[in-house]
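2 protein chains.
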Amino acid sequence: MARVFNFSAGPATLPQSVLERARDEMLEWNGVGASIVELSHRGPEFMEVAARAEADLRALLSIPDDYAVLFLAGGATTAQALIALNFAQPGQPADYVVSGHWGKTAIKQVAPYVDARIAATSEDNGFHDVPPPSTWTLTPDAAYVHYTANETIHGVEYREVPRVDGGTLIGDFSSSIASEPLDISRFGLIYAGAQKNLGPVGVTVLIIRRDLLEREGQPRAEILDYRAHVRGESMLNTPPTWNWYLAGLVFRWMLDEGGVEEFARRNGRKAALLYDAIDGSSGFYRNDVAAAARSRMNVPFFLHDEALNAEFLAESKAAGLLALKGHRVLGGMRASIYNAMPEAGVQALVDFMRDFARRRG
Amino acid sequence: MARVFNFSAGPATLPQSVLERARDEMLEWNGVGASIVELSHRGPEFMEVAARAEADLRALLSIPDDYAVLFLAGGATTAQALIALNFAQPGQPADYVVSGHWGKTAIKQVAPYVDARIAATSEDNGFHDVPPPSTWTLTPDAAYVHYTANETIHGVEYREVPRVDGGTLIGDFSSSIASEPLDISRFGLIYAGAQKNLGPVGVTVLIIRRDLLEREGQPRAEILDYRAHVRGESMLNTPPTWNWYLAGLVFRWMLDEGGVEEFARRNGRKAALLYDAIDGSSGFYRNDVAAAARSRMNVPFFLHDEALNAEFLAESKAAGLLALKGHRVLGGMRASIYNAMPEAGVQALVDFMRDFARRRG
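Respectively, the protein sequence lines represent chains A and B. The opening residue of the first sequence carries number 1 in the UniProt record's numbering; numbering runs sequentially from there. The opening residue of the second sequence carries number 1 in the UniProt record's numbering; numbering runs sequentially from there.
(1) Smallest Cα separation from residue 330 of chain B: which of B:310, B:199 and B:288?
(2) What do you get for residue 272 of chain A, buried or exposed, if any count of 16 or more other CB atoms within 10 angstroms of its CB means buried?
(3) Spell out the partners DSSP gives residue 270 of chain B in its beta bridges.
(4) For a contact meaning CB atoms closer than 7 Å, what does residue 28 of chain B contact in chain A?
(5) Nearest-angstrom Cα distance between residue 237 of chain B and residue 224 of chain B?
(6) Going by DSSP, what residues sit across from residue 97 of chain A in a beta bridge?
(7) So, are the CB atoms of residue 139 of chain A and residue 120 of chain A less than 8 Å apart?
(8) Residue 66 of chain A by DSSP, collapsed to three states: which one?
(9) Give me whichever residues DSSP pairs with residue 172 of chain B in a beta bridge.
(10) Using beta-carbon positions only, say whether residue 356 of chain B and residue 333 of chain B come within less than 8 Å of one another.
(11) Pop quiz: residue 353 of chain A and residue 270 of chain A are said to be a contact at Cβ under 8 Å. What is the actual Cβ separation, rounded to whole angstroms?
(12) Could you check whether the segment 288-298 of chain B touches the segment 166-182 of chain B, counting it as contact only if at least three pairs of C-beta atoms, one from each stretch, sit closer than 8 Å?
(13) Would you give the residue range spanned by the alpha helix (DSSP H) that residue 77 of chain A belongs to?
(14) Excluding sequence positions up to five away, which residues of its chain have a Cβ less than 7 Å from the Cβ of residue 76 of chain B?
(15) Give the list of continuous alpha helix (DSSP H) stretches no shorter than 4 residues that lie fully inside the segment 267-321 of chain B.
(16) Is residue 65 of chain A buried or exposed, if buried means 16 or more other CB atoms sit within 10 Å of its CB?
(17) Check residue 336 of chain B in the structure and name its three-state DSSP category.
(18) Buried or exposed for residue 252 of chain A, please, with buried defined as at least 16 other CB atoms from any protein chain shown within 10 angstroms of its CB.
(19) Within the continuous beta strand (DSSP E) that includes residue 206 of chain B, where are the two ends?
(20) Among B:316, B:292, B:254 and B:210, which has the Cα closest to the Cα of residue 69 of chain B?
(21) Of all Cβ atoms in chain B, is any one closer than 8 Å to the Cβ of residue 151 of chain A?
(22) Spell out a yes or no on whether the segment 45-61 of chain B and the segment 78-86 of chain A are touching, meaning 3 or more CB-CB pairs, one atom from each, closer than 8 Å.
(23) For the putative contact between residue 373 of chain A and residue 5 of chain A, defined by C-beta atoms under 8 Å, what is the C-beta separation to the nearest angstrom?
(24) When the distance is taken between beta carbons, is residue 110 of chain B closer than 8 Å to residue 84 of chain B?
(25) Does the segment 216-223 of chain A come within contact of the segment 24-35 of chain A, defined as at least 3 CB pairs closer than 8 Å?
(26) Could you confirm whether any beta carbon from chain B is found closer than 8 Å to the beta carbon of residue 102 of chain A?
(27) Considering only their Cβ atoms, is the gap separating residue 129 of chain B from residue 92 of chain B smaller than 8 Å?
(28) Please state if the CB of residue 14 of chain B and the CB of residue 35 of chain A are separated by a distance shorter than 8 Å.
(29) To be precise: take each residue of the segment 197-211 of chain A, compare its Cβ to all Cβ atoms of chain B, and keep it if any distance is under 7 Å. Which residues remain?
(30) How big is the Cα-Cα spacing for residue 350 of chain A and residue 277 of chain A?
(31) For chain A, find out if any of its Cβ atoms is closer than 8 Å to the Cβ of residue 11 of chain B; answer yes or no.
(32) Any idea what DSSP makes of residue 141 of chain A, helix, strand or coil?
(33) Nearest by alpha-carbon distance to residue 363 of chain B: which of B:24, B:23, B:102 and B:57 is it?
(34) How about residue 219 of chain A: is its C-beta nearer than 8 Å to some C-beta of chain B?
(35) Going by beta carbon distance, what residues of the same chain come within less than 6 Å of residue 374 of chain A, once the five residues before and after it are set aside?
(36) Quick one: residues in its chain with C-beta nearer than 7 Å to the C-beta of residue 104 of chain A, no 5 flanking neighbours on either side, listed in chain order?
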């Protein structure tokens, strides 16, 4: 069949033009007689690819010069563990805001390393909202305050950067990085697994304010030490070169499309289209998230009659709408509509949803 | 230009048929309307790819059932650190055999975690040989004995599995896994970054005897815990799916070509061809490694006149022989001739070397 609209939460859809270029360069990159996946990470060819990717990401996200950028393996979960090892003293308090599933996993990873304190949580209301920053209970000597900007499973999002007076703010932006302009100078560190909004699985981006690298942290192997990775320019060991290369193609595509301002507009229109279809379905579909906290990236929704779920999934798949099944934690449906999901894809989804509701309503 | 013979030490050359398949499936995998790099790691499509890759690797390497297989991110260097965290008590002695550069890095990674003892080293003689197992000084209560089966930079290799009576043997097989039959039951654990002999960069294979997983190890985050990775079937977090997929294509290619027995024959012929050309050059080329320890995978060699290095590299590149420059630690030249390097590639290299020597000798 032809390519479909793929609503997977991550690994997620990629721009077709990026995949076409990766395909065309698979056997030979830039006339050198070998694929980029076959070339040394320390050779001039990949060094050029790596430098270009970092420069493009810095331009795309307006990353200030006093922030280091890392491209590492291991995913956001590894970053969650290493943040504590690198930036907190053993057993030091660290504040965690829990607005969904991933905020909880972040705490689980640091349990051996810090005194993780829940500064706020919306678990009592089923993560249908985000705890307002004004209600966060911050610890004066906390190493940092960690929150999840967008919760991929629960579909809630902080749209404003929280104020943590004097504290070091760390944000997990795995599922919303580059979806709209962001003032990075407000953060000590942001991180993101690339497989949602930056493109390919297998590489993780960290953006670290350089003064954090002066913290001693905890005893750790060199390969778990962000200072060493910064010194080594993300090549302390062999990095996931192909994934870094593909991320670079996605960064270039985002710049060519108009940058994060343009994606903010598109993402706003896509989210409005889908939430309007849900809210205007006279109860056939339902999203339980408080309006102001609704994620623009991940839209969980439920059919009023769960017995229709299997039919909805089978028919949507047949209609060229892939991976709408909700995460097992929540059930129901979920549509992930990252930067690479075209507006036509969301339009096709809402057209299908309306048709399905009409036929089964 | 056309594809060349690529002697890179890793990331390294891949079978052309594997790259062609990756190219053909880049926009759409198996008729599902999306690339494998865009699909959820927990969906039926990738689960099938992952299971097939493990089954093929088990067949290829004759992995006994009481060994778990992991496909993880982070490279062999991360594995070096995590081995100590997972399988040694804090500060417990662990024996390390150092036969080259990577044996040294292995020790560096575990410095915060164990009492690393050098059981043997060949550094005094410039790593021109491997310390014979009969000379290893083993610690009775060591957590394990670690050695590097093949040293990628220094070009030395253990061809026999060392006997460590009653001890737990751990082998870094990054640059020689699957190059010949291996009795895995002799090991507690072997590991390998895939970017040399298993194909693609970005995924690391660990083969762990399951009883090791009962060891308590040291306090560590769940994401650094191999027990959790085994329970989670390498999907504790999002794995590097595309890299895993590509590794699977390489496993299948190796099986189709005749398995490790056939590659052992080919690798023997390739290494003999190249070492004979060096030894038969009347001193124009030189390899300093003791004959019995010469690596079949990585062949460092030197021109008698180092002033000719630049010409050698320029002319060999023009002749379609890529990446022959030696590692910066040693200088000179290095030809990496892993499984995916065809015999025709090594023949082309020795033809060039003889011609170059004739013209400049």
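In this text, a Cβ means the ideal position worked out from N, Cα and C, and glycines have one as well.
In short:
(1) Closest option to residue 330 of chain B, Cα to Cα, is B:288.
(2) By the 10 Å Cβ count, residue 272 of chain A comes out exposed.
(3) The partner list for residue 270 of chain B (beta bridge, DSSP) is empty, contrary to what the question assumes.
(4) Against chain A, the beta carbon of residue 28 of chain B has neighbours under 7 Å at 3, listed in chain order.
(5) Distance from the CA of residue 237 of chain B to the CA of residue 224 of chain B, rounded to the nearest whole angstrom, comes to 11 Å.
(6) For residue 97 of chain A, the beta-bridge partners assigned by DSSP are A:120.
(7) Against a cut-off of 8 Å, the Cβ pair of residue 120 of chain A and residue 139 of chain A comes out as no contact.
(8) It is coil, neither helix nor strand.
(9) Here residue 172 of chain B is bridged, per DSSP, to B:148 and B:191.
(10) With contacts defined by Cβ atoms closer than 8 Å, residue 356 of chain B and residue 333 of chain B do not form a contacting pair.
(11) Incorrect: roughly 14 Å between the Cβ atoms, too far for contact.
(12) Yes, since at least three Cβ pairs between the segment 288-298 of chain B and the segment 166-182 of chain B fall closer than 8 Å, the two stretches touch.
(13) Under the DSSP assignment, residue 77 of chain A falls in the alpha helix (DSSP H) whose first and last residues are 75-87.
(14) 172, 174, 191, 192, 193 and 204.
(15) The qualifying runs are 309-318.
(16) With fewer than 16 neighbouring CB atoms inside 10 Å of its own CB, residue 65 of chain A falls in the exposed class.
(17) Residue 336 of chain B: strand per DSSP, three-state reduction.
(18) With 16 or more other Cβ atoms inside 10 Å of its own Cβ, residue 252 of chain A counts as buried.
(19) Per DSSP, residue 206 of chain B belongs to the beta strand (DSSP E) from 204-209.
(20) Nearest of B:316, B:292, B:254 and B:210 to residue 69 of chain B, Cα basis: B:210.
(21) The C-beta of residue 151 of chain A comes no closer than 8 Å to any C-beta of chain B.
(22) No, they do not touch.
(23) Nothing can be reported for residue 373 of chain A: it is not among the residues displayed for chain A, which extend from 1 to 361.
(24) A contact, by the Cβ cut-off of 8 Å.
(25) By the Cβ rule, the segment 216-223 of chain A does not count as touching the segment 24-35 of chain A, because fewer than three pairs are nearer than 8 Å.
(26) Answer no: the Cβ-Cβ gap between residue 102 of chain A and chain B never drops below 8 Å.
(27) No, Cβ-Cβ distance for residue 92 of chain B and residue 129 of chain B is not below 8 Å.
(28) Their beta carbons are under 8 Å apart, which means residue 35 of chain A touches residue 14 of chain B by this criterion.
(29) Going along the segment 197-211 of chain A in chain order, one finds 200, 201 and 202 with a Cβ nearer than 7 Å to chain B.
(30) For residue 350 of chain A and residue 277 of chain A, the distance between alpha carbons rounds to 6 Å.
(31) Yes - at least one Cβ of chain A is within 8 Å of the one on residue 11 of chain B.
(32) Under the three-state reduction of DSSP output, residue 141 of chain A falls in the coil class, being neither helix nor strand.
(33) Because chain B spans 1 through 361 in this model, residue 363 of chain B falls outside it and cannot be assessed.
(34) Yes - at least one Cβ of chain B is within 8 Å of the one on residue 219 of chain A.
(35) Any property of residue 374 of chain A remains undetermined from this structure, which presents chain A solely from 1 to 361.
(36) Around residue 104 of chain A: 98.
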